[in-house]
Amino acid sequence: MASGEVILHTKGLGKYFHQPVSFKVLDDISFEAYRGEFLTLVGKSGSGKSTLLYCLSTMDTTYEGELFIAGEKITGKKADDLAALRNSSIGFVFQFHYLLPEFTCLKNVMIPALKLGKYHYREIEERAYAKLEALGLKDQALKQTSKLSGGQQQRVSIARALINDPAIIMCDEPTGNLDSKNTGIVFDMFMQIAHDSGQTIIAVTHDNDFAQASDRTIELADGKIISHDKIFGSSDFRPR
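Counting from 171, one number per residue, gives the positions in the sequence shown under our numbering.
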């Protein structure tokens, strides 16, 4: 469970879109996320939750207010520094897995670690095998990702997100393309990652069952937080 240590927080985050006309898509967003927490962001389409996730991920820096990760102010940092932060401290899981189809599962998982350059090649390979084994895919390691099922591909993308042991894993509709069985598998993985490894999961989702079984939800509407720190914490999630 969450340790009580704040791993990410925002102060008065705001953002405008200017096409076709100017409007405020995020309005005074302030909240905290904790180490080892499985946090979901919910709200109707257009509520601002995905825009918020991309600001939190540092991939979008055109916002008002301040973002802090692990006690360090991230707002205003240079692009190269943000890229280094993302590669070392933030993992990403999207609705679409964005794997390289001509590469094996193993090589896809290794790519972020090879880019980080913290470990020798053999150690990166061993770490990638370990992540795939933890996700039940070690026997598929040398298979091209194009040969896998959708659920297997999403698990490979999760292994890739975990390869550098990031403090935070950010997910945008991670089960949006999965059936109920694979949704349950992914949910259980996220819960284990958060509670056993102390990594923080921040996931945007439209799946109410998925959200209600997470540790906590934050609900947005019209770019504002309307339900803050709603705690569910059910451990018996079973997707329909």
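Ideal Cβ placement from N, Cα and C applies to all residues, glycine included.
Starting from the N-terminal side, write out each stretch of the alpha helix (DSSP H) that is 4 residues or longer and does not extend beyond the region 337-396.
-> For the region 337-396, whole alpha helix (DSSP H) runs of length 4 or above, ordered along the chain, are 350-367, 378-382.
If I'm right that T387 touches Y204 with Cβ under 8 Å, what's the distance once you round it to whole angstroms?
-> Taking 8 Å as the upper bound for CB-CB distance, T387 and Y204 are not in contact here, some 14 Å apart.
Which value, in whole angstroms, describes the spacing of the CA atoms of Q314 and Q322?
-> Rounded to the nearest angstrom, the two C-alpha atoms are 11 Å apart.
Under three-state DSSP, which class holds E272?
-> coil
On a CA-only basis, which of F208, L178, A331 is nearest C225? Give me that one, please.
-> L178
Assign G182 to one of two classes, buried (16 or more other C-beta atoms within 10 Å of its C-beta) or exposed (fewer than that).
-> It counts as exposed.
According to DSSP, which residues form a beta bridge with V263?
-> C341
Taking E207 and A364 to be in contact with their CB atoms under 8 Å, please state how far apart those CB atoms are, rounded to whole angstroms.
-> 6 Å
Would a C-beta distance cut-off of 8 Å place S217 and I239 closer than the cut-off?
-> no
In the structure shown, what three-state DSSP assignment does I239 receive?
-> strand
Buried versus exposed, by CB contacts within 10 Å (16 or more), S384 | buried
Around the Cβ of G261, are there at least 16 other Cβ atoms within 10 angstroms (buried) or fewer (exposed)?
-> Label assigned to G261: buried.
Just how far apart, CA to CA, sit T221 and E293?
-> 36 Å
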